[in-house]
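Following: one structure in structure tokens, then a few remarks.
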Amino acid sequence: MSDRAVERGGHDPAVDVPTLLGDDYEAFEAILSGEDAGPVAVVGEPFSGRGSVLDRAVRALDATRVSLDPGDGIDHIRAQLDGAPVVIEDCQHLYERRIGGFEKLSAFLDDLASVDAPVVTGWNRYAWAYLAAVQALGPAFPVRVEVQSLSADRIAELVLARYDEMPAFLADDPEQSGLAVTTRHELGWRDWSVSVPIPTLDPVAVRSLFSDSDPDPADVTFGRLAAVSNGNLGVATAIWEARHGSEVRPSDIAVPTSDRDLSREEAFCLRIVLAKERVDRAQLTDIVDELDRVLGRLSRDGLVTVEDGLVELVPAAVPTAVATTERGRIL
Amino acid sequence: MIALQVLVDLGLDRETLVGIAGVLVAAYLASRVVGYALVAVAERSPRRRISIKMLVPITRFLIYGAAAFLVLGPLLRLSSAQLLAASGLLGAAVGFGLKDLLAGMIGGLVLITERPYQVGDKVTIDGDYGEVTDIGLRATTLVTPDDNAVRIPNATLFTANVSNANDGDPEMMVVVELAVTAGTDVDRASVIVEEAMVTSKYVYVDDDHPFAVLVEDETYHRTIRGKAYVADLRDEFAFVSDVTERSMAAFASEGIDMPEAPVHVSEDR
């Protein structure tokens, strides 16, 4: 069990909780003030600022903070459920996607049912969706709040606040950019295949076409950043930091993508890593076939990192991971 | 040359023949390209895959229908008497020899309008089970789990029951059955089967697609029947295999016995 509560809270950007929770802030404050009771589930995308919301709960409730890591048991949690307020982070590590993998979660929910003190839990959104479908997790938490997507203006403000020096914002070269963005798709028929370019409209370019004045390159850049990251500050920051140089153009805002379709096994492995954010390689051995090859391909595509027996999701790869696994309808 | 002269005598000059050939070739190429494009688009959109694939036979029908109109229209410049005579002959031919073909074609039109099944559905027609891969004007093609292509005349619609496993949806319920001995821990076996299903890479669960595990008492064993949906009906057998393999491995590690041989009760008592 990790006692890195303060460190983990520092990884999340300092965003005010009302902005992060939006309409759910009122319900959250009701719990913190004691108006409402019941375990609370704080659900959010990876790297979206769940930690900041949990920081608020720790301060308001003067609670003990427990951060779960892959493979952690529930004994330490049980010791904290002694009547005092508790904040438990990364509860997605309470389950594993295998036969017998829900025992810890089931024991935790049994213990939670008899607790009177405020308990605030943090969950990865994709793990929550899976567990709500297959383990009926929802009814165990009468209060559920979700971390919301941030606007482009807010993304810009928070990203730039991290740096002392401001980059130069430039527009894309009009000769290089246009209304169409071309992607290539491989089409095959028996032994014959061809790479076909398929043009799609660039929404930013279309908007600028119909606007009366040239848009500010900074606005265009952060608009693209917010769209690509889906308003996720952690992802936006990772994408921002992946670019290089003192100049930035809208076309510099890019996420890791794979130029091929992932196999079912690769997409399944990616979905598990997306839901857990970080997972022991040993856990995946029993779940994913040909794990070495799968992890090799995913790490070459820049979607995950594998180090010291730990498989972690690359923050900038979250949009790609979500799109790929949702297209394959993997729960 | 003689054949060519015959055609010229019938009023079909070289330019007309070239035009007819061009129309037919263009129709063939158009139907192949459009069909290929629609299938490629369908594979990129899992939720609408079956709906998009259903357009393939419809567009092919329209393309060939247009080609037939373009070819036959200028050719059959018949007078009223000739048209009447041709109709009478055609009616006799249909009545005596082509009634089955016509029944199939009418069945094809009924398929398009009533849609008891679509391309991509898993259906059972007259005892044959498989995925519908093509709906032609005369017959429907199923591909069975053994990868056999079965062509079923559309006229069968009027006489046989049609069972549709997914009814146009990409997800489909799949049933997995495992037998355990009568004295084993049935509750634990049920939990194992349930967890095997919900942890599968192929499973699809939401409020409209729930899962369930049932226990049935047979004479000398118990049957654990798990029911869950797969996200893509083409993963039906992969799901069954995945759940079965992992359940059996868990049974073995937890001492849950499965019947080893069929049980026969001797009639000589």
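Protein chains in written order, with our numbering: chain A, 6 to 336; chain B, 223 to 491.
The C-beta atom is built at its ideal place from N, Cα and C for all residues, glycine as well.
Tell me the rounded alpha-carbon separation between aspartate 116 of chain A and leucine 315 of chain A.
29 Å
Could one say the Cβ of tyrosine 339 of chain B lies closer than 8 Å to chain A's Cβ atoms, at least one of them?
no
How about aspartate 479 of chain B: is its C-beta nearer than 8 Å to some C-beta of chain A?
no
Comparing C-alpha positions only, which one of A:Met171, A:Pro324, A:Asp158, A:Arg334 sits nearest to tyrosine 268 of chain A?
The sequence shown places serine at residue 268 of chain A, not tyrosine. In terms of CA proximity to serine 268 of chain A, A:Arg334 leads the group A:Met171, A:Pro324, A:Asp158, A:Arg334.
Excluding five sequence neighbours on each side, which residues of the same chain lie with their C-beta closer than 8 Å to the C-beta of isoleucine 285 of chain B?
Ala249, Ala252, Ser253, Val256
So, using beta-carbon positions, are tyrosine 424 of chain B and aspartate 464 of chain B closer together than 8 Å?
yes
Can you name, in chain order, every residue of its own chain whose Cβ lies under 6 Å from the Cβ of proline 320 of chain A, other than the five neighbours on each side?
Phe52, Gly239, Val240, Ala243
Who are the Cβ neighbours of alanine 371 of chain B in its own chain at under 8 Å, not counting the five residues just before and after it?
Thr355, Thr363, Leu364, Val365
Threonine 421 of chain B touches chain A at which residues, Cβ-Cβ below 7 Å?
Arg102, Arg103, Ile104, Gly106
Does the beta-carbon distance from aspartate 169 of chain A to glycine 127 of chain A come in below 8 Å?
No, these two residues do not count as a Cβ contact at 8 Å.
Cutting at 7 Å between CB atoms, please list the residues of its own chain near leucine 37 of chain A, excluding the five before and the five after it.
Ala62, Ala65, Leu66
List the residues of chain A that tyrosine 451 of chain B touches, going by C-beta distances under 7 Å, in chain order.
What tyrosine 451 of chain B touches in chain A: nothing, since even the nearest Cβ is about 10 Å away.
With 7 Å as the limit, tell me which residues of the segment 251-272 of chain A have their beta carbon closer than that to any beta carbon of chain B; keep them in chain order.
Cβ contacts with chain B come from Arg269.
Please confirm if aspartate 430 of chain B has its CB atom under 8 Å from at least one CB of chain A.
With 8 Å as the cut-off, aspartate 430 of chain B does not count as an interface residue toward chain A.
Give the single residue among B:Arg270, B:Val341, B:Val413, B:Ala307 whose Cα lies nearest to the Cα of isoleucine 280 of chain B.
B:Val341
List, in chain order, every chain B residue whose beta-carbon is nearer than 7 Å to that of leucine 303 of chain A.
In chain order: nothing, as chain B lies at least about 15 Å away.
With DSSP as the reference, label phenylalanine 473 of chain B as helix, strand or coil.
helix
Any 3 or more C-beta pairs closer than 8 Å across the segment 299-313 of chain A and the segment 266-282 of chain A
A contact is defined here as three or more CB-CB pairs under 8 Å, and the segment 299-313 of chain A meets this definition with respect to the segment 266-282 of chain A.
Taking all protein chains shown into account, do 16 or more other C-beta atoms lie within 10 angstroms of the C-beta of aspartate 439 of chain B, making it buried, or fewer, making it exposed?
Result: exposed.
Rounded to whole angstroms, what is the Cα-Cα separation between isoleucine 104 of chain A and histidine 98 of chain A?
15 Å
Using alpha carbons as the reference points, say which of B:Asn386, B:Ala418, B:Met480 lies closest to glycine 349 of chain B.
B:Asn386
Taking CB distances under 8 Å as the criterion, tell me whether leucine 336 of chain A reaches chain B.
yes
Please name the residues in the segment 356-381 of chain B whose beta-carbon is closer than 7 Å to at least one beta-carbon of chain A, in chain order.
none
Are the CB atoms of leucine 336 of chain A and tyrosine 135 of chain A within a distance shorter than 8 Å?
yes
Residues near alanine 277 of chain A in its chain [Cβ-Cβ closer than 8 Å; skip 5 each side]:
Just to set this straight, residue 277 of chain A is isoleucine in the shown sequence, not alanine. Beyond the five residues adjoining it in sequence on each side, isoleucine 277 of chain A comes within less than 8 Å, by CB distance, of Arg102, Val284, Leu289, Ile292, Val293 in the same chain, given in chain order.
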